[in-house]
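*Asks:* Here my numbering = 1-based position in the sequence shown + 731. We treat Cβ as the ideally placed atom computed from N, Cα and C, and that holds for glycine.
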Amino acid sequence: MTTRRPFVSARHRAALFASCLLAAPVFLRAQAVSPPSASGSGPGEVVQLSAFEVSTAKDKGYSSSHAIGATRTDTPLNELPQAISVINQQYIRDWLPDDVIEAGKFVAGVTDAPTQMIRGFSVSGAIDGLNSAGVFDMSLFDRVEFLKGPSSIIYGDGNKSGVISRASKKPRFDRAAGVIDFDIGSWEYFRLTLDTTQPFGSNRQFSYRFIGSVLDRKGDRVEDYGRRRSLAPMFGWRITPRTSVILQVSDLYDKKFKGWGNSWVLPPYNAGRASVLANDIGIPRTFSPTEPYSYNQEQTRRYTLIIDQRFTDWWSARLTASDLDYLNTEFTAIPRDMINARQMQRSWRNAFNPNKSRNVSIDSVWNFPLGPTRHKLLAYGRYAEGESGATQYLGRSTTGNTTNVLPLLDIFNPVYGGQPASIFLSSSTTSESKSLSLSLQEQAYFFRDRLILQAGIRYDESGPNTGLNRVTGVRTTSNKTNNRSDPESVLGGVFKVAKGISAYVSRSEIFTPNSGVQPDGSLFAPNVSRSEEVGLKLDLLDGKISSLANVYRRRELNRIILHTDPALASLGWRQQVPGDEITGYELETGIAPAAGLHLSLSYTYMNVNNLGSIYTRSLPDVQYSVLTRYEFMRGRLKNLALGLAYLYYDERPGDTANSFFLEAYHTMDAFVSYRRGQYTFQLNVYNLANADDEYTSVNRNIVSTLPQRNFRFRISRSF
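(1) Excluding the 5 residues preceding and the 5 following S917 in the sequence, name in chain order all residues of the same chain whose CB lies nearer than 7 Å to its CB.
(2) First and last residue of the beta strand (DSSP E) that includes I823?
(3) Take the Cβ of E919 as the centre, count every other Cβ of all protein chains shown within 10 Å, and call the residue buried at 16 or more, exposed below.
(4) If you follow the beta strand (DSSP E) that A834 is part of, which residue opens it and which one closes it?
(5) Excluding the five sequence neighbours on either side, which residues of its own chain have a C-beta within less than 6 Å of the C-beta of V1357, listed in chain order?
(6) Identify every residue that forms a DSSP beta bridge with M869.
(7) Report back the beta-carbon spacing between A1064 and L1137 to the nearest angstrom; my notes put them in contact at under 8 Å.
(8) Relative to the alpha-carbon of Q1172, which residue among L1330, K1107, L1058, L1373 has its alpha-carbon at the smallest distance?
(9) Report buried or exposed for K1369, applying the criterion of at least 16 other Cβ atoms within 10 angstroms of its Cβ.
(10) Excluding sequence positions up to five away, which residues of its chain have a Cβ less than 8 Å from the Cβ of A1478?
(11) Output the boundary residues of the beta strand (DSSP E) element that contains T1082.
(12) Work out the CA separation of V841 and F934 for me, nearest whole Å.
(13) Buried or exposed, going by whether 16 or more other CB atoms sit within 10 Å of the CB of V1221?
(14) Please state if the CB of S796 and the CB of G1231 are separated by a distance shorter than 7 Å.
(15) Who are K1107's beta bridge partners in DSSP?
(16) Here's the rule I'm using: 16 or more other beta-carbon atoms within 10 Å means buried, otherwise exposed. How should N1281 be labelled?
(17) Looking at the secondary structure, which residues open and close the beta strand (DSSP E) in which L1299 lies?
(18) At what residues does the beta strand (DSSP E) containing G792 begin and finish?
(19) Which partner residues of K1165 appear in the DSSP bridge assignment?
(20) With DSSP run on the structure shown, which of helix, strand or coil describes D1068?
(21) Within 6 Å: the Cβ of P1309 and any heavy atom of the ligand PLP?
(22) Since L1414 and V1403 should fall inside the 8 Å C-beta cutoff, what is the C-beta to C-beta distance between them, to a whole number of angstroms?
(23) Using 8 Å for Cβ pairs, my map puts L1036 next to A1052. What's the rounded Cβ distance?
(24) Are the beta-carbon atoms belonging to D1094 and Y1114 less than 7 Å from one another?
(25) Keeping to the same chain, check which residues put their C-beta closer than 7 Å to that of P766; ignore five residues upstream and five downstream.
(26) Can you tell me which of Y1426, R1448, N1432 puts its alpha carbon nearest to the alpha carbon of P1438?
(27) What did DSSP end up calling L925 once you bin it into helix, strand or coil?
(28) Using the DSSP secondary-structure output, state which residues sit across from F1442 in a beta bridge.
(29) Since I believe F921 is in contact with D955 (beta carbons under 8 Å), could you give me their beta-carbon distance rounded to a whole number of angstroms?
(30) Restricting to runs no shorter than 3 residues, where is the beta strand (DSSP E) found entirely within the stretch 1293-1377?
(31) In three-state terms, what does DSSP make of A1009?
(32) Helix, strand or coil: how does DSSP classify L808 here?
(33) Starting from F913, trace the beta strand (DSSP E) both ways and give me its first and last residue.
Here you go:
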């Protein structure tokens, strides 16, 4: 018997830990800059807010005036030549999203299905400035920022389209606080969440925070269910008023029914707008074409170390290190083409996709004057290494077929319980990668801050990266490569036309090494993303009116997709195509005309030119949303809040071949909440009008309609 090589060796873990230990003295020596008392900060000392944490003091309803996404430091949005949308804590508490996909569904330029995209391209996810795979519960985060456009200068690899940057909650040193949320809802929905933080020690130099949640639910589809458990203990040490250390652990287990939609295209196929779907002929929205045993399981564990140091009032630094272990498991029956008007073929698959990574980054930011100008200079370095794998077992019929594996499913009288005649290993690959990214970004302020210019350069090393096909035994090793960005490829500028009015322009061309290998061990060419953008930002009447309007053009080269030959795709083969060229414009506006009243509007238009004749599924040309919130500030109804949200998606391609279309849909959500003392009572209703429109699709055999009208009732107690 051969011993399987572990994905994360003791040597790699030791190297990561040693890096942190070696870097720590550099940060901690800076205590001499501002000598503390022996036991930490005294009662009269002021604790400095980290330059890498966002101030939320000026948030107005759902509108936020500051972000960290574009410079990795707290910066006013009207000083940035980028489009950034912020989901703040007020929005999260009102609309109760369970994940980032739900949180972003009203954001301009963001589409939420079948996977989350920004401006028609897949995006990277980051937590506290570090790229991170895996699934995390929304209870861990204070805010979510959607940074639109290439951002490799400040995030390293893998950010050709944009970044969804999540800021995690941290232990508090100023006071104890906590909240317990108890949720019940439709389809036996149950959720319990605890979030508590407590400083301790003679001068509150220590603090802990614990965030835990459990979720159990059924759904509106046959056999649908979901179970989640999330635990996140944290510890903080405020060594001096200028120095802090935070340790975080987050552990998530999530298992849910793999439903593969509840509708599909009926033959004849490739009929375009004339296509007839199952929901058009009265197939109930509770129908499931898969098997009751189908499930998708995700397990994520992440360790994080953050060391913040403010050397002086104008120089701050942060070291962040993370170790992530993620495993996705899928066991499912997959709907395939109909063979006639009532019988469906189905295949069978069991897949295991592990992903392990270690990241260490150092940020250093200087704010300094130089003659009549002032400057913000950011130096950023990141080292990452990771291992990923993909193993797939397929079912086979008695005749050796891998597409029509299970007994045919009668869509009008379904009988479940089918199993494949045999199972075989169809593909199994592993890959190991290393990368180093160094970048420097300058933001210069001229003419009393009326003109702001931004530029950045980047250096990357990648490899040697290896790939192994465990079925054929073929191993491939790529040579170590390095690249330098053209200084002219990342440029931006902001001109403040008047108080609260600023115009911006930006241009970027970013390459991203593609990870993974083909079944024969061959590697992929780097991905290239080019973007030009102009826009206007408003921040008027002390934040009562805020707006972002922009026009952009995006182009992608060397996109990786599943192979168009189904037989090769089932064996793990992929191919590269030119991608899409998208031109579009966006509008986001927040208005707070009176105390307690807030209105948010968003509008997106995208014109897609398919350079590789591969369409982005479920991507509409037009989408818009309206959110309103009103809270009574006085009188008998004081602390009563009401909210209403409307979302519209235009017609969009149903698959990459554009063989059918999803009709336009619209949906409305609402909430009402009442706060009395330490208690808050809240009722949310989703899909208020109970619309039964097509929501998203993977291909012509996998289409989902909107979930039925459902509610959630929450009781919260703060302490």
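*Replies:* Taking the coordinates as given:
(1) Scanning its chain for C-beta atoms nearer than 7 Å, with the 5 sequence neighbours on each side dropped, one finds around S917 the residues N1441, F1442, in chain order.
(2) Per DSSP, I823 lies in no beta strand (DSSP E) segment; the continuous alpha helix (DSSP H) that holds it begins and ends at 820-826.
(3) By the neighbour-count rule (16 or more Cβ atoms within 10 Å), E919 is not buried but exposed.
(4) For A834, no beta strand (DSSP E) encloses it; the enclosing alpha helix (DSSP H) starts and ends at 831-834.
(5) Contacts found: L1332, Y1377.
(6) In the DSSP output, where bridge partners are listed per residue, M869 has none listed.
(7) Contact flag correct, Cβ pair sits at about 6 Å.
(8) The shortest C-alpha separation from Q1172 is found at K1107.
(9) Within 10 angstroms of the beta-carbon of K1369 lie fewer than 16 other beta-carbons, which makes it exposed.
(10) The question about residue 1478 has no answer here: the residues shown for the chain are numbered 732 through 1450.
(11) At residue 1082 the sequence reads Ala, which differs from the Thr that was named. Looking at the DSSP string, the run of the beta strand (DSSP E) that includes A1082 is 1074-1101.
(12) A small fix is needed here, since residue 934 is Asn in this sequence, not Phe. If I take the Cα positions, the gap works out to 45 Å.
(13) The Cβ neighbour count for V1221, taken over all protein chains shown within 10 Å, is at least 16; the residue is labelled buried.
(14) Taking 7 Å as the Cβ cut-off, G1231 and S796 do not qualify as a contacting pair.
(15) Looking at the DSSP output, K1107 sits in a beta bridge with N1098, Q1174.
(16) Label assigned to N1281: buried.
(17) In the DSSP assignment, L1299 falls outside any beta strand (DSSP E) and lies within the alpha helix (DSSP H) extending over 1297-1301.
(18) For G792, no beta strand (DSSP E) encloses it, and the DSSP letter there is neither H nor E.
(19) In the DSSP assignment, K1165 forms a beta bridge with E1116.
(20) Correct three-state label for D1068: strand.
(21) This structure lacks the ligand PLP, and indeed carries no ligand of any kind.
(22) With 8 Å as the limit, L1414 and V1403 qualify as a contact, their Cβ atoms being about 5 Å apart.
(23) Correct: roughly 5 Å between the Cβ atoms.
(24) Result no, Cβ atoms of D1094 and Y1114 do not sit closer than 7 Å.
(25) Confidence at P766 is low in this model, with a pLDDT of 34, below 50, so the placement of that residue should be treated as unreliable; the coordinate-derived value is given next. Sequence-distant partners of P766 (beyond 5 residues in either direction) whose C-beta falls short of 7 Å from its own C-beta are missing from its chain.
(26) Answer by Cα proximity: Y1426.
(27) Reduced to three states, the DSSP call for L925 is strand.
(28) According to DSSP, F1442 bridges with V1416.
(29) Separation of the CB atoms of D955 and F921 is rounded to 15 Å, and the pair is thereby denied contact status at 8 Å.
(30) 1305-1308, 1311-1325, 1328-1341, 1353-1362, all fully within the stretch 1293-1377.
(31) Three-state DSSP puts A1009 in a helix.
(32) Secondary structure of L808 (DSSP, three-state): helix.
(33) Looking at the DSSP string, the run of the beta strand (DSSP E) that includes F913 is 908-916.
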